[in-house]
Amino acid sequence: MSDCSPSGDLPRSNAPSFLTLTATLTLITMPKTRATAMSDLPHFHSVRAHGAAGDGKKSDTAAINRAIEAASAAGGGTVFFPAGTYLSATIRLRSNVTLHLDAGATLLAADTGYDEPEPNKWGDLKYQDFGHSHWANSLIHGDSLENIAITGHGLINGEGLNRGWGATAGSGNKTIALRLCRNVTLRDFRVYHGGHFALLATGVDNLTIDNLRIDTNRDALDIDCCRHVRISNCSLNTPNDDAIVLKTSYALGAIRPTKHVTITNCSVTGYDLGTLLDGTYQRTLAHSPDRDGPTGRIKFGTESNGPFRNITISNIVFDRSRGIALESVDGAQIEDVAISNITMRDVSNAPLFIRLGNRARGPKGTPVGSIKRIAIDNLAASDADGRFPALIISGIPGHDIENIRLSNIRIETRGGLTMREIAGQPETLVNPFFLRGGAPGVQGKREPFAVPERENAYPEPSMFGLLPATALYARHVKNLQLHNVEILTTAPDERPAVVLESAENIALRNVTLPIPAKSKSAWARLTAVRNFTTDDIAKTVTKTTELKK
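Note that my numbering has the sequence shown beginning at 625, numbered continuously upward.
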């Protein structure tokens, strides 16, 4: 695959910089028989000097690891990959060592020869899948390290990695896997075909990820049980899975939070695989393996045993992808999250999905979690899949989602559904992938507003089938505010704009919502709602009422 996207570099001045003059003077003072290369400088260890062929055919695994060991033995340094293609299996990082992929350098994942996955009894208990539970069987692996980095403008090509559906002897399924490390920097390189995860960071503290371009066949960045994380200026294309996922699994054998996270100035997309890096941005893929539309989103969960706290997400572009998903289903508390300045186009499910469930995948006695204190401001979305309400917020009986504020939001969905379709749940419109388990009322005809709770189901917007609202479907919610919100449908839609069930303290201020296509239909349907207010209505409903414009 080529990388032929046009350069965005600014014109350079003809005047030499201070660094250029310094380098020139240094070379003039050197003997004429030999110029100093970067790899000759102290603390630089070229993989070529340690026997790497760089021809893409001969395995360079041993040479790369020798260079790393040499740098480590010297107290630290940079392992340098000059231009070339370096075929490799598992590369074992060491503390105080940087891997630097120079422009023109490609690290190519081998088909076999990887370290075997380390034992992990918590993975054997299936609190999370195999991929989340092992790190050693990866292209680049680090465990209990500090002060490490991967930098440079080269490419990591993971075509030899598997996508994580199972383990075979000698196979690798992640590009970069880090466990219990601190002071980590990942900057400037590109990844193509990253395997199950382009990055799995588990229990990593003080993690900086900047200016990466990742075009991969599953997840891009999985941030699991990490603290003090900064993700910025990244372009992430993941048509078949998630782009940025915050998780809190039980892979370390204990509850550990993901907290103090900043995600900013990034794009997440679901273009055809490889077409972010080659600059063609193609859109022929209709469905991910789970049969919903292209993924490429930002999500909390589904692995959600520990807390998520103190997280900001800002200045993010979504294109041909699913929306934002905040999910706690394994006991996690999601608290103090601020999301702002988001744009979305061609949204393949609900632009916003907030779900509190009770899958309880964890040790015996795993409690129901909580979601509270979420603020989302300045979100603009267009061309969203009309089968889904623009906003889905769903807790479970006895466990409300609390204190959600949505402000300055404009969402345009395609709309176009009828109440007969909601009652019939036709196979042509419903994705059955997440409707497994034989839960009653999930597939086939049902009363339009009798949406099953599905407390222990995998969380995904299509988990309920077709929902009976165009703008907002919310239940088991307390203290929900919508302020300066406009939601429109491009095609007439018969559903009510708002459906609220088992809700308390719901306030809509300066909110514009679509009017149902049938003149006799209500624009809002309220069931067991206390203290519902809009600009001109204040109401408490013990059973069910329908409000008409």
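Quick reminder that beta carbons are idealized off the backbone N, C-alpha and C, glycines included.
Handout entry: 8 Å contact criterion, which residue 1163 and residue 1146 should meet: CB distance rounded
Key = So it is not a contact: roughly 13 Å between Cβ atoms.
Problem - residue 1029 to residue 858 span [Cα, whole Å] - result: 27 Å
Problem - Test item: CB-CB of residue 1076 and residue 1067 under 8 Å - result: no
Problem - residue 690 - containing alpha helix (DSSP H), residue span - result: 685 to 697
Exercise for the section: For the alpha helix (DSSP H) containing residue 1044, list its first residue and its last residue. Expected result: 1043 to 1048
Exercise for the section: Could you check what DSSP says for residue 745 in three-state terms: helix, strand or coil? Expected result: helix
Handout entry: Collapsed DSSP secondary structure at residue 1099 in the structure displayed
Key = strand
Problem - Three CB pairs or more closer than 8 Å across the segment 1039 to 1059 and the segment 1123 to 1130 - result: no
Exercise for the section: Could you tell me whether the Cβ atoms of residue 917 and residue 1009 are closer together than 8 Å? Expected result: yes
Practice task
Would you list the one or two residues that DSSP bridges to residue 590?
Solution key: The displayed coordinates of the chain run from 625 to 1173. Any statement about residue 590 would go beyond what the structure contains.
Problem - Burial state of residue 818, where buried means 16 or more other Cβ atoms lie within 10 Å - result: buried
Problem - Proximity below 8 Å, CB of residue 774 to CB of residue 810 - result: yes
Practice task
Identify whether residue 674 lies in helix, strand or coil by the three-state DSSP scheme.
Solution key: helix
Handout entry: Member of 716, 740, 737, 671 whose CA lies at the smallest distance from the CA of residue 710
Key = 671
Practice task
List the residues that DSSP assigns as beta-bridge partners of residue 1163.
Solution key: 1156
Problem - Length of the line joining the Cα atoms of residue 1114 and residue 747 - result: 46 Å
Exercise for the section: Give a yes or no on whether the minimum CB-CB distance between residue 1040 and chain B is below 8 Å. Expected result: In the structure shown, chain B cannot be found, because there is only a single protein chain.
Exercise for the section: Could you please give the first and the last residue of the uninterrupted beta strand (DSSP E) stretch that includes residue 925? Expected result: 922 to 928
Problem - Three-state secondary structure assigned by DSSP to residue 756 - result: helix
Handout entry: Length of the line joining the Cα atoms of residue 931 and residue 685
Key = 38 Å
Exercise for the section: Go ahead and label residue 908 buried or exposed: buried means 16 or more other beta carbons lie within 10 angstroms of its beta carbon, across all protein chains shown. Expected result: exposed
Practice task
State the Cα-Cα distance for the pair residue 753 and residue 1139, rounded to the nearest angstrom.
Solution key: 44 Å
Exercise for the section: Using beta-carbon positions only, say whether residue 919 and residue 866 come within less than 8 Å of one another. Expected result: yes
Problem - Where residue 1159 falls, given that 16 or more other Cβ within 10 Å makes a residue buried - result: exposed
Practice task
For residue 737, collect the residues of the same chain with a Cβ closer than 8 Å to its Cβ; drop the 5 residues on either side in sequence, then sort them by chain order.
Solution key: 683, 685, 713, 714, 794
Handout entry: Spatial distance of residue 814 from residue 723 (CA atoms)
Key = 14 Å
Practice task
Would you mind sorting residue 768 into buried or exposed? The rule is 16 or more other CB atoms within 10 Å of its CB.
Solution key: exposed
Practice task
Please classify residue 1057: does DSSP put it in a helix, a strand, or coil?
Solution key: helix
Exercise for the section: Using a threshold of 8 Å, state whether the C-beta atoms of residue 943 and residue 900 are closer than that. Expected result: no
Practice task
Tell me whether residue 1167 is buried or exposed, calling it buried when 16 or more other Cβ atoms sit within 10 Å of its Cβ.
Solution key: exposed
Exercise for the section: Starting from the C-beta of residue 679, find all residues in its chain whose C-beta is less than 6 Å away, skip the five residues before and the five after it, and write them out in chain order. Expected result: none
Problem - For residue 911 and residue 980, the rounded distance between their alpha carbons - result: 26 Å
Problem - Rounded straight-line distance, which links the Cα of residue 962 to that of residue 1005 - result: 18 Å
Handout entry: DSSP three-state assignment for residue 648, whether helix, strand or coil
Key = Below a pLDDT of 50, predicted positions are generally treated as unreliable, and residue 648, at 37, falls in that range; no measurement from the model is reported.
Practice task
Tell me, please, which residues DSSP counts as bridged to residue 1036.
Solution key: 1112
Practice task
Output the residue ranges of the beta strand (DSSP E) runs that lie fully inside the segment 819 to 876 and measure 3 residues or longer, sorted by chain position.
Solution key: 821 to 826, 829 to 834, 837 to 839, 843 to 848, 851 to 856, 859 to 861, 868 to 872
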